[in-house]
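Read through the structure below, which is laid out as structure tokens, and then see the notes.
Residue numbers (the numbering used here), protein chains in the order written: chain D, 16 to 318; chain C, 93 to 296.
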């Protein structure tokens, strides 16, 4: 992992905690999490190893799908049709900003110090000059949007993905991603607002989220021959994509494991020398993690 | 030609030979395959309803056949179940899969609103394959990463996997098809694929 800071983790491991010290308790928490998470570091190419709860997940998926079809989708459709683009943009910006402390926190937890400082600046700039986050004025200054959450942090810390879960209302998840539900809640500014206006604002937040996924969900509905499996695969792969900040190692992508090369590629020359001088044609090396907008993911997940 | 010209000719010839793409040495052909696919996609998107499904199908199908290695993709998509099929079933599956790929492209890329593809990079992978990274930029600035894995057959670079924002199309299909095969069997899978083809054609 390119951005994984080895020194940071080593320093964590080398701490000598006293009994009941916060670090020790936290480590215990991680161990318990690992046990709950089940089989660690499972290859994504396996069909059912990462979905031992499929029997329970499927009915929940069906229920969510019905809820989506009859409630969430129609509401989001009205929202999209009635609300002009600039206003929807502002609403999205606002909710992105209100949750952005979670990104900052997880930047630092993953050892991405520079990015953490950039994201702190982004948050401050958008909150002040961007009128409480309604306007994304930080991006033109080079402070781009990043996508980090506690599930990705746990991945960086070495925790395996764990079982795939479909949560009621919230949709696809994994044992490793569940803790982020809590972390992102307590780092969400709205959590600390005690006025009753929070309720309609939260509802608007759900509608905004659903409308951002609208195209992806439509695509899934049109193209998937097995929607449950399609959603699961797409979700798990997208999470992997985010953990590696857009550059997942392709060795894990090697789906050709159960086929000998000769049988599969009869005409292609078998070249064992993979270490010849790489001919890289870099036309645009400036690929940033800001490219990873969640809206373009083929996933349905409210977090 | 005077003999004194010979050394210069040799030098020129030497440099010229350096520029000829050797088999697999110059992987630029992979990017070209991808560019050809993408420019044709934009073409049918612009054609949209004027071309209609049939028109788009006619335009895109030869390009897909040329730029994708559909028989290999079909084989991988069905995974370890390939060996369980009879020869007729394998042929039937491959031809249905081919038709599904073509119809998906023709059916889904049916409108244009300022989108653009652009090439990011190309790098070699293991087993003589190449990864071409590109981005798809929509009119509102939203970017989607399209990465392609290609291999060479008969001197032609062909796509064997497409990853959209890290989500592998092949992995999705493998999981779906494997699941259907296990639960409902081969005829049910074919039926589902055929239904999908029809829906693509009907614009559903």
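Every residue, glycine too, gets a C-beta built ideally from N, C-alpha and C.
Every value quoted in this text rests on a predicted model; they were computed, and no experiment measured them.
List the residues of chain C whose Cβ lies closer than 7 Å to the Cβ of residue i, in chain order.
i: residue 241 of chain D; result: 268, 271 and 272
i: residue 255 of chain D; result: 258
i: residue 252 of chain D; result: 258, 259, 260 and 263
i: residue 245 of chain D; result: 264 and 268
Against chain C, does residue i count as a neighbour if the rule is that its beta carbon must be under 9 Å from one of theirs?
i: residue 263 of chain D; result: yes
i: residue 249 of chain D; result: yes
i: residue 76 of chain D; result: no
i: residue 207 of chain D; result: no
i: residue 259 of chain D; result: yes
i: residue 268 of chain D; result: With a pLDDT of only 48 at residue 268 of chain D, under 50, the local geometry of the prediction cannot be trusted, and the value read off the model is given with reservation. It does; some Cβ of chain C falls within 9 Å.
Identify whether residue i lies in helix, strand or coil by the three-state DSSP scheme.
i: residue 203 of chain C; result: coil
i: residue 152 of chain D; result: coil
i: residue 367 of chain C; result: Here chain C covers residues 93 to 296 and nothing more, so residue 367 of chain C does not appear.
i: residue 174 of chain C; result: helix
i: residue 243 of chain C; result: strand
i: residue 220 of chain C; result: coil
i: residue 186 of chain C; result: helix
i: residue 233 of chain C; result: coil
i: residue 238 of chain C; result: strand
i: residue 259 of chain C; result: strand
i: residue 163 of chain D; result: coil
i: residue 118 of chain C; result: Because the pLDDT of residue 118 of chain C is 43, which lies under 50, any placement of that residue in the model is unreliable, and the number read from its coordinates should be weighed accordingly. Residue 118 of chain C: coil per DSSP, three-state reduction.
i: residue 127 of chain D; result: coil
i: residue 125 of chain C; result: helix
i: residue 215 of chain C; result: strand
i: residue 176 of chain D; result: coil
i: residue 206 of chain D; result: helix
i: residue 158 of chain D; result: coil
i: residue 144 of chain D; result: coil
Can you pull the chain D neighbours of residue i, defined as C-beta to C-beta under 8 Å?
i: residue 148 of chain C; result: Simply none; closest approach about 16 Å.
i: residue 162 of chain C; result: Within chain D, no residue comes near residue 162 of chain C; the closest Cβ sits about 14 Å away, beyond 8 Å.
i: residue 223 of chain C; result: 265
Can you tell me where the beta strand (DSSP E) holding residue i begins and where it ends?
i: residue 253 of chain D; result: That residue, residue 253 of chain D, is in no beta strand (DSSP E); its alpha helix (DSSP H) goes 242-258.
i: residue 250 of chain C; result: 248-256
i: residue 1 of chain D; result: Lying before the first or after the last residue shown, residue 1 of chain D is absent from chain D, which here runs from 16 to 318.
i: residue 188 of chain D; result: 186-189
Does chain D have any CB closer than 9 Å to the CB of residue i?
i: residue 291 of chain C; result: yes
i: residue 284 of chain C; result: yes
i: residue 129 of chain C; result: no
i: residue 133 of chain C; result: no
i: residue 217 of chain C; result: yes
i: residue 294 of chain C; result: no
i: residue 143 of chain C; result: no
Would you say residue i touches the ligand FAD, meaning its beta carbon is less than 8 Å from a heavy atom?
i: residue 195 of chain C; result: Ligands in the displayed structure: none, and consequently the ligand FAD is not present.
Since residue i is in the alpha helix (DSSP H), which residue starts that stretch and which ends it?
i: residue 292 of chain C; result: 278-294
i: residue 91 of chain D; result: 88-97
i: residue 194 of chain D; result: 193-201
i: residue 78 of chain D; result: 69-82
i: residue 231 of chain D; result: 229-238
i: residue 112 of chain D; result: 100-113
Could you tell me whether the Cβ of residue i comes closer than 9 Å to any Cβ of chain A?
i: residue 217 of chain D; result: Given the protein chain composition of this structure (D and C), no chain A is represented.
Using Cβ-Cβ distances below 9 Å, what residues of the stretch 101-112 of chain D are close to chain C?
-> Residues of the stretch 101-112 of chain D with a C-beta atom less than 9 Å from some C-beta of chain C are 104, listed in chain order.
Going along the stretch 213-240 of chain D in order, which residues come within less than 9 Å of chain C, judged by CB to CB distance?
-> Result list: 234, 237, 238, 239 and 240.
Residues, ordered as in the chain, of the stretch 174-189 of chain C that lie near chain D by beta-carbon distance below 7 Å = Of all residues in the stretch 174-189 of chain C, none places a beta-carbon less than 7 Å from a beta-carbon of chain D.
Closer than 8 Å, Cβ to any Cβ of chain D: which residues of the stretch 193-212 of chain C, in chain order?
-> Taking 8 Å as the Cβ-Cβ cut-off against chain D, the residues of the stretch 193-212 of chain C that qualify are 196, 200, 210, 211 and 212.
Members of the stretch 227-251 of chain C that neighbour chain D once the beta carbon cut-off is set at 8 Å | So the close ones are 227, 232, 234, 235, 236, 237, 241, 243, 244, 245 and 246.
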